[in-house]
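Residue numbers (the working numbering): 86 to 474.
For each residue, glycine too, the CB sits at the ideal point set by N, CA and C.
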């Protein structure tokens with residue numbers, strides 16, 4: 086038996102944030118956000134105003150950092166236990182929504198430990214105290230519809246993806262007015278994160294007839310709209326916001342692969358944004374996985390109108406197209422070109438490889454891999470060398 090899980094409700098389009106009015110009847114909402122962008126754009130105030138209009142008391146928890154820490158999670162959970170919300174509303178990029186998901190766990194289960202919940206599918210039953218509403222401001226992580234949350238342990242510089250269907254939000258609000266505020270670099274990085282989600286979901290071990298159409302539609306729409314979105318086109322920004330959500334629905338159920346395993350372990354270590362790490366890694370990972378699923382990559386290439394007579398030629402064309410997309414988005418293709426010194430790389434490669442093998446995303450990669458294989462893939466991504474093993 087298999088499972089396919091999505092939020093109960095997804096509201097989308099311009100002005101979709103108004104659908105918060107459907108929370109009428111709830112009593113208290115804890116609103117969680119990151120920096121000041123949602124406040125500057127007036128979206129945070131709009132959330133508060135709508136909730137107040139329907140009689141919901143609110144409390145704000147702001148300042149959640151990029152790549153949220155375990156300490157921030159515990160701090161937010163303590164604030165929730167004091168305020169006792171029956172609705173949790175997270176607005177912003179992937180970081181505040183991810184952090185709020187983890188806070189939700191410790192709000193409802195203060196006896197739990199991070200060591201327990203970081204084990205895949207080991208989160209206790211939620212919704213005993215609150216439901217969860219996610220309002221994303223960026224077009225990449227799709228955390229508003231996924232069973233994942235990424236939390237960083239800064240004592241080890243390791244990102245831990247929490248994975249459990251319990252933390253899938255109840256309501257996702259995709260207001261396409263919000264991503265219009267994204268700067269170009271963030272648009273590029275989050276867009277490549279979304280593309281990696283969709284491609285990895287299409288070849289992942291748990292892929293299904295439910296996830297495949299979502300993944301393919303996401304890939305097609307991302308290719309159609311990402312460059313225009315990067316240059317600020319309003320319609321393209323809206324299309325990307327929906328496409329990244331489709332990718333999220335696919336990978337939340339099909340799972341991911343070693344591009345994400347390595348991105349989780351290199352991002353904090355090398356201080357490179359998660360989406361940028363995925364953009365660097367994706368061509369190398371496709372080359373590695375093509376030994377077992379070139380037909381799947383060829384299907385993607387054909388859908389995109391790329392040329393080739395064999396699965397290998399089509400896979401190579403897909404890799405070349407991703408590298409060209411990175412170039413157009415101003416993303417350097419290797420870790421070395423992104424400023425990671427050889428000294429730092431060699432100092433941490435063994436540790437990164439070992440930790441990447443243990444990452445929850447590794448188990449769903451279509452081709453098995455060990456620590457030595459991880460080192461080889463990462464080395465190719467560092468120098469820009471082809472993966473030939």
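Taking Cβ positions, are residue 343 and residue 368 nearer each other than 8 Å?
no
Looking at the strands, I want to know which residues DSSP matches up with residue 244.
237
Residue 94, enclosing beta strand (DSSP E) - first and last residue:
94-98
I need the boundaries of the alpha helix (DSSP H) containing residue 432, first residue and last residue.
427-443
Helix, strand or coil at residue 179 according to DSSP, with G and I counted as helix
helix
Roughly how many whole angstroms lie between the Cα atoms of residue 387 and residue 201?
43 Å
Would you report the Cα separation of residue 142 and residue 103, rounded to the nearest angstrom?
17 Å
Between which two residues does the alpha helix (DSSP H) carrying residue 260 extend?
Run containing residue 260: none in the alpha helix (DSSP H); it sits in the beta strand (DSSP E), 256-260.
Are the CB atoms of residue 296 and residue 257 nearer to each other than 8 Å?
no
Quick one: using the 10 Å Cβ neighbour count with 16 as the cut-off for buried, is residue 468 buried or exposed?
exposed
Closest by CA to residue 312, which one among 409, 281, 266 and 457?
409
Rounded distance between the beta-carbons of residue 417 and residue 438, thought under 8 Å
Wrong, their Cβ atoms sit about 22 Å apart, outside the cutoff.
At what residue ranges does the region 124-200 contain a whole run of the beta strand (DSSP E), taking only runs of 3 or more?
142-146 and 172-177
What residue range does the alpha helix (DSSP H) around residue 298 cover?
296-315
Where do the N-terminal and C-terminal ends of the beta strand (DSSP E) with residue 116 fall, by residue?
113-117
Anticipated Cβ contact below 8 Å, residue 101 with residue 259, distance rounded
6 Å
Cβ of residue 466 within 8 Å of any chain D Cβ:
Among the chains of the structure shown, chain D does not appear; only one protein chain is present.
Within 10 angstroms of its Cβ, does residue 88 collect 16 or more other Cβ (buried), or is it exposed?
exposed
Tell me whether residue 221 sits in a helix, a strand or coil according to DSSP, three-state version.
strand
Counting Cβ pairs, one atom from each stretch, are 3 or more of them under 8 Å apart for the region 181-199 and the region 117-124?
yes
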